[in-house]
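These notes concern the structure reproduced below.
Chains as they are written, first to last, in this note's numbering: chain F, 1 to 112; chain W, 1 to 115.
Pasting the structure below:
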């Protein structure tokens with residue numbers, strides 16, 4: 001059964017810093033991997049979706065990479081801003097069983 | 001833009017009440033999902049539906065049922081609410097692809113408290 005891990009659980013950085021959030025998965029037979037942002041008490045907002053055939057996806061200051069062989073995905077945030085403060089979750093969809101597993105999330109705080 | 005709406009942002013019910021949570025999506029997605037999110041346990045799938053009147057159990061279906069009479073609407077039903085069903089409930093939808101689910105889009109969530 002797929003397990004998805006996000007480390008660290010919480011991260012605090014000063015404004016302007018570039019940062020990397022990590023996502024690890026145990027079963028490399030994934031169909032896609034999706035990154036989400038969640039603000040307190042709110043739903044999930046889709047940030048980036050990487051298909052298994054892709055290595056990375058970019059949207060504005062965000063760049064997500066995927067390395068299936070090592071079971072890892074990273075979300076790179078450039079020039080962080082206080083408005084980036086939120087919890088970031090990754091989710092991996094495994095082939096053949098439509099099993100989508102979520103990580104527990106990394107709570108990011110960007111200090112002005 | 002894809003829009004997924006949920007009928008209530010906050011809901012307070014009594015133990016034993018029957019509770020209906022409604023979700024509507026406007027993108028003609030085939031798949032719809034109900035999750036619950038609890039601190040320390042993350043998101044867990046309750047049920048999903050891949051077509052009208054079709055449903056599949058997720059990880060934690062006990063105590064819940066679902067209904068999908070129309071493609072755009074997916075309802076979660078708590079037959080007899082209990083305090084351990086106090087949680088944040090999240091609905092999502094996606095297109096279906098050849099291999100499975102495509103990008104999932106989430107609603108704003110319903111915070112349910114059962115007293």
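Where a beta carbon is used, it is the ideal one built from N, C-alpha and C, also for glycine.
I'd like to know if residue 66/W contacts chain F, where contact means its C-beta is closer than 9 angstroms to some C-beta of that chain. Numbered from 1 along the second chain, position 66 holds the residue referred to as residue 66/W. So, not an interface residue.
Which residues bound the beta strand (DSSP E) around residue 79/F? Counting from one through the first chain, the residue named residue 79/F turns up at place 79. No beta strand (DSSP E) holds residue 79/F; DSSP gives it neither H nor E.
In chain W, which residues lie less than 7 angstroms from residue 42/F when you measure between Cβ atoms? In the first chain, the residue the question calls residue 42/F occupies position 42. Here the neighbours are 108, 109.
With a cut-off of 8 angstroms on the beta carbons, I'd call residue 55/F and residue 77/F a contact; round off their distance for me. Here the question's residue 55/F lines up with position 55 in the first chain. Here the question's residue 77/F lines up with position 77 in the first chain. Between residue 77/F and residue 55/F the Cβ distance is about 18 angstroms, and since that is not below 8 angstroms, they are no contact.
Chain W contact residues for residue 65/F, given Cβ-Cβ distances below 7 angstroms: Taking the first residue of the first chain as 1, we reach residue 65/F at position 65. None at all; the shortest Cβ gap to chain W is about 17 angstroms.
Taking the beta strand (DSSP E) that residue 112/W belongs to, which residues open and close that run? Stepping through the second chain from its first residue, residue 112/W is reached at position 112. From DSSP, the beta strand (DSSP E) with residue 112/W extends over 110-114.
Residue 11/W to residue 19/W span [Cα, whole Å]: Along the second chain, read from residue 1 onward, the residue named residue 11/W stands at position 11. Along the second chain, read from residue 1 onward, the residue named residue 19/W stands at position 19. So the two alpha carbons sit approximately 9 angstroms from each other.
Output the residue ranges of the beta strand (DSSP E) runs that lie fully inside the stretch 41-91 of chain W and measure 3 residues or longer, sorted by chain position. 42-51, 54-57, 64-70, 73-78
Delimiting residues of the beta strand (DSSP E) encompassing residue 111/F: Within the first chain, residue 111/F is the residue found at index 111, counting from 1. Note, residue 111/F: beta strand (DSSP E), 106-111.
Using a C-beta to C-beta distance shorter than 7 angstroms, which residues of chain F count as neighbours of residue 43/W? Within the second chain, residue 43/W is the residue found at index 43, counting from 1. The answer, in chain order, is 102.
For residue 74/W, which residues in chain F fall below 7 angstroms Cβ to Cβ? Counted from its first residue, the second chain places residue 74/W at position 74. Within 7 angstroms Cβ-Cβ: nothing; residue 74/W doesn't reach chain F, min ~15 angstroms.
From residue 52/F to residue 68/F, what distance separates their C-alpha atoms? Within the first chain, residue 52/F is the residue found at index 52, counting from 1. Within the first chain, residue 68/F is the residue found at index 68, counting from 1. So the alpha carbons of these two residues sit roughly 8 angstroms apart.
Considering only the alpha carbon of each residue, which of 32/W, 102/W, 86/W lies closest to residue 114/W? Counting from 1 along the second chain, the entry for residue 114/W is found at position 114. Residue 86/W is the option with its Cα nearest to residue 114/W.
Hey, is residue 4/W's beta-carbon within less than 9 angstroms of any beta-carbon in chain F? Numbered from 1 along the second chain, position 4 holds the residue referred to as residue 4/W. Residue 4/W counts as touching chain F.
Under 8 angstroms Cβ to Cβ from residue 43/W, same chain only, skipping five residues before and after it: list those, please. Along the second chain, read from residue 1 onward, the residue named residue 43/W stands at position 43. Excluding positions up to five away in sequence, the list reads 35, 36, 37, 90.
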